[in-house]
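*Asks:*
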Amino acid sequence: MEFDALMLSRIQFAFTIAFHIIFPAFTIGLASWLAALEFNWLRTGNPLYRTLFRFWVKVFAVSFGLGVVSGIVMSYQFGTNWSRFSEFTGNVLGPVIAYEVITAFFLEAAFLGIMLFGWERVGDRLHFFATCMVALGTLISAFWILSANSWMQTPDGFAIENGKAVPVDWFKVVFNPSFPLRYAHMVMGCYLTTAFAVAGMSAWMLLRHPHDAPAAKLAGSRRSLSMALWFATIFVPIQIVIGDLHGLGVLKYQPTKLAAIEGNWDRMANMPLRLFAIPDEVAETNHYEIGIPKIGSWVLTHAFHGVVPGLKEVPRDERPPVWPVFFSFRIMVGIGFAMLGLGLWSLYLRWKGTLFSNRPFLTAAMIMTPSGFGAVLFGWFTAEIGRQPWVVYGHLRTVDAVSPIAPGAVTASLLTFIVVYAFVFGFGSYYLAKLLRRGPDPIEDIRGDDLDKKPKRPFSLPDEGLEGRSRHRAQPAE
Amino acid sequence: MFGFGMEHEGLAFWLPLIWSGLIAVAVAMYVIVDGFDLGVGILFKAARSGNWRDRMMFSVAPIWDGNETWLILGGGGLFAVFHIAYAVLMPALYVPIILMLIALIFRGVAFEFRFKADRSKFLWDNAFFFGSLLATFFQGMVLGAFVQGFATDGRQFTGGTFDFLTPFSVLTGLSLIFGYGLLGATWCVMKTTGELEIWARRMAVRFLVATVLAMAAVSVWVPFLGRQIETRWFSWPNIAFLAPIPLVTAYVAYRLLRDLEEGRHVRPFFLAVGLFLLGYLGLGVSLFPYIVPPNLTIWDTANTVNSQLFALVGFAIVLPITFAYTAYAYYVFRGKVADEISGGGYGYH
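Going down the list, the sequences are from chains A and B. Residues in the first sequence are numbered from 3 upward in steps of one, following our numbering. Residues in the second sequence are numbered from 849 upward in steps of one, following our numbering.
1) For A:S88, does the count of other Cβ atoms within 10 angstroms reach 16, so buried, or fall short, so exposed?
2) Can you check whether the CB of B:L1104 is closer than 8 Å to the CB of B:I866?
3) Output the distance between the C-alpha atoms of B:G858 and B:A1150, rounded to the nearest integer angstrom.
4) Just tell me which of B:V1180, B:V1057, B:I1146 has its CA closest to the CA of B:M854.
5) Using CA coordinates, which residue listed in B:T1174, B:V1140, B:Q1156 is at the minimum distance from B:T1000?
6) Could you tell me if A:R473 is buried or exposed, where buried requires 16 or more neighbouring beta carbons within 10 angstroms of its beta carbon?
7) Scan the segment 1093-1121 of chain B and note each continuous beta strand (DSSP E) run of 3 residues or more that stays entirely inside, going in chain order.
8) Alpha carbon to alpha carbon, how far is A:A424 from A:T418?
9) Among the candidates A:W84, A:G343, A:F119, whose CA atom is the shortest distance from the CA of A:A403?
10) List, in chain order, every chain B residue whose beta-carbon is nearer than 8 Å to that of A:E40.
11) Is the CB of B:P939 under 8 Å away from at least one CB in chain A?
12) Determine whether the beta carbon atoms of A:G92 and B:F927 lie at a separation below 8 Å.
13) Could you tell me which uninterrupted beta strand (DSSP E) segments, each at least 3 residues in length, are contained entirely in the segment 260-330 of chain A, listed from first to last along the chain?
14) In chain order, which continuous runs of the beta strand (DSSP E) of length 3 or greater are located wholly inside the segment 114-189 of chain A?
15) Any idea if A:E102 is buried or exposed, counting beta-carbon neighbours within 10 angstroms, 16 or more meaning buried?
16) Starting from the C-beta of A:T287, find all residues in its chain whose C-beta is less than 7 Å away, skip the five residues before and the five after it, and write them out in chain order.
17) Looking at the unbroken beta strand (DSSP E) that takes in B:V875, where does it start and where does it end?
18) Return the first residue and the last residue of the beta strand (DSSP E) that A:I99 is part of.
19) Could you check where the alpha helix (DSSP H) with B:Y1179 kicks off and where it finishes?
20) Decide if A:P216 is buried, meaning its Cβ has at least 16 other Cβ atoms within 10 Å, or exposed.
21) Go through its chain and collect everything with a Cβ distance to A:G467's Cβ below 8 Å, but skip five positions before and after it.
22) Which same chain residues end up closer than 7 Å to A:A20 when comparing Cβ atoms and leaving out the 5 residues on each side of it in sequence?
23) Determine, using beta carbons only, whether A:T18 and A:M76 come nearer to each other than 8 Å.
24) Which chain A residues are close to B:V888, counting only those with a beta carbon under 9 Å from its beta carbon?
25) Where does A:I387 land, buried or exposed, given buried means 16+ other C-beta within 10 angstroms?
26) Excluding the 5 residues flanking B:W1069 on each side, which residues of the same chain have their C-beta closer than 8 Å to its C-beta?
27) Checking contacts by CB at 8 Å: is A:K314 closer than that to chain B?
28) Whose Cβ in chain A lies nearer than 7 Å to the Cβ of B:L919?
29) Any beta carbon from chain A within less than 8 Å of B:Y1028's own beta carbon?
30) Mind checking which residues open and close the beta strand (DSSP E) that includes B:W900?
31) Considering only the beta carbon of each residue, do B:G883 and B:S980 sit closer than 8 Å?
32) When the distance is taken between beta carbons, is A:D158 closer than 8 Å to A:P182?
33) Which term fits A:H22, buried or exposed, when burial requires 16 or more other beta carbons within 10 angstroms of its beta carbon?
34) Within the same chain, show all residues whose beta-carbon is closer than 8 Å to that of B:M989, passing over the 5 residues directly before and after it, in chain order.
35) Compare the beta carbon distance of A:A33 and B:G914 with 8 Å and say whether it is the shorter of the two.
36) Let me check one thing: in DSSP terms, what residues is A:W392 bridge-paired to?
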């Protein structure tokens, strides 16, 4: 591997986007989760929902802030590091990206301020509207950026003039073949990421207290856990179906990527479902393969004798690196089925009435807090590494997309990004952990709750008990 | 227009003009709105008393994210309609842009982290100050690099990594610090009360003097860049149309100084904005129609007509709505920030 501007730019892009995607993946779901909580508060008047909103909105604010700052980097990197990509695709993708900025980013940003700081100023209804607009903004944002990404995977609606892509049919550009299912798969992935993060964090908060602790202390975590698990139980199976349908699209439009995902070297019918193998790119074969006969063909084509394309059908220089694609995909699917398992387990415990007290289950849920992030990241590795050696599938190679920049400059920027992101991410996680340690406030006395939120007051110490805060509240604060 | 772009007809002529106008508006919006909140960050370190820093931060916390979105629109807009300019400029400005982005990361997360920290609060005070200061400085350098021009061959940047770094771009970097500091100080005059407001007034005067001196220095330097920008200003009849720009600038600066002394609250901020717009207009006059000076014009770098039109339709529909709700967000948080920051009105922290 040669560390030229190309390789360094690839590493930098992969690093910065992998870091970035973590936050939108969480906040897309959290925004809708907040809207659901506030809707329940307005509908039922149960202060528990308002308390939960005020808790999760803090988690949202930290994550959203990190998403914004790491996202601005992305909008400039297309130019700084991938100027020839920008030149080739600008006529087509430029407007798509601009639509994202103007229809989504401004919407999120304007209403975020009102959502975080404006409740007392605008009243309940307008505040709820602001929360909905933030949630809508995140979904619109995902719409455009996934449209652009899908176009790179399955480009459509364009012609090539003077070596550059020019738009011919905008509808086909935006709704290119892989877009609808990719969008559905990603948004559902984000929702599930949030569901498992909320469930896991709530489980952790429950585990920290004996289950006979004051009901008010546990009510918020219990309600969060229950709502998140209902969502996960219902939507994980749906996500698996969407993923399967999305896979059919890969088979149709990106056969080489599919062959890499399956570790399939020769075009064949009755392909086994390979659970494990060590793909060998030099010998063009797999070692230690463990598979279930015929099921692979059935999963992909919905017929046992279905024919699956092989890697050897294209020259070596048009194949993606096989093992990262092969393994990323299996990790993603594995996480998906673990999620399914946790959902079924939660149903069983609900039936038994021990959902909030079964410690093995709560521990499992806690361990699965980052499962959605993992699934999203490994899904992206599959999709993006599988697209190689192309940056625009079949039309522009990654090698030909990089900027004319000095390797030294990219080395320096890459190292800086790694240090800065590690620093920022470290502190972000630390503050998030502090928030979670404190947990949602007890629900009694909502006015007192407000007064407790004095921004000037340093954040409660991690070991501050319930008594400490009650004493504080008992003082005449007005 | 003015003899430029005549080889293009119809939409191929007009669309780049319309789009350069729209992007100029987006950049102006960015410079004004993020200018004042970066300026608040620049003043931050010097604000030592009591809860000044909290109040300053609260004056921009609900809106900074929207302000920074104009920067994404600037970058995204360039990619959207002048993608060739984007492809040439970004590699040329690699170092200052990456450094600006990193500085923005630090100041952006400071908004969240500062209120969640106790022992580590000083860290985020510094992150907010240095982040704002350096982001501004590198933006100013980008501006200077722009006025200097770029080495290009056809549609490729052919210069070196550090071409941007010259005494002139260092001067424009410093100038922008003074300018944003002025915007931030007049913003604080408008949004705060008591001792903090009085202090902000004093800072505003200092930054105003520095800004005016910097504008003069940049103006004097430009003819020595060898870009023949001065011939555009001093040739007849241009001089008759353009002479008012420096004159009005001088008057606005004088009016701003008087306003600050007379204790006005709101008008100083808008006069500072006016000062910025005049400087911006001067820049526009100097550079038009080059988007990658000195060789590539807006017509050389524009997307296909179809592509520009597709983006324009959306912008025509969405931009007014965007302006409306952005204005509404500002309206919600109108008025001065209270002396005592407490209670529910200041949100979720």
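The beta carbon of each residue, even a glycine, is placed where N, CA and C say it ideally should be.
*Replies:* Looking at the atomic coordinates:
1) buried
2) no
3) 14 Å
4) B:I1146
5) B:V1140
6) Any reading at A:R473 must be qualified, since the residue scores a pLDDT of 33, below 50, and its modelled position is unreliable; the value itself is stated next. Exposed, because fewer than 16 other Cβ atoms sit within 10 Å of the Cβ of A:R473.
7) none
8) 10 Å
9) A:W84
10) Correct list: empty, because the minimum Cβ distance to chain B is about 13 Å.
11) yes
12) yes
13) 275-282, 287-294
14) 160-163, 166-169
15) buried
16) W267
17) Unbroken run through B:V875 is the alpha helix (DSSP H), 858-892; no beta strand (DSSP E).
18) Where A:I99 is concerned, there is no enclosing beta strand (DSSP E), although the alpha helix (DSSP H) it sits in stretches over 85-102.
19) 1153-1180
20) exposed
21) Because A:G467 carries a pLDDT of 32, less than 50, the predicted location of this residue cannot be relied on, and the following value inherits that uncertainty. None.
22) L379
23) yes
24) What B:V888 touches in chain A: nothing, since even the nearest Cβ is about 15 Å away.
25) buried
26) F1016, L1019
27) no
28) I74
29) no
30) No beta strand (DSSP E) contains B:W900, which is instead part of the alpha helix (DSSP H) from 900-908.
31) no
32) no
33) buried
34) P944, F1012, L1013, S1017, V1018, T1020, G1021
35) no
36) A:R399
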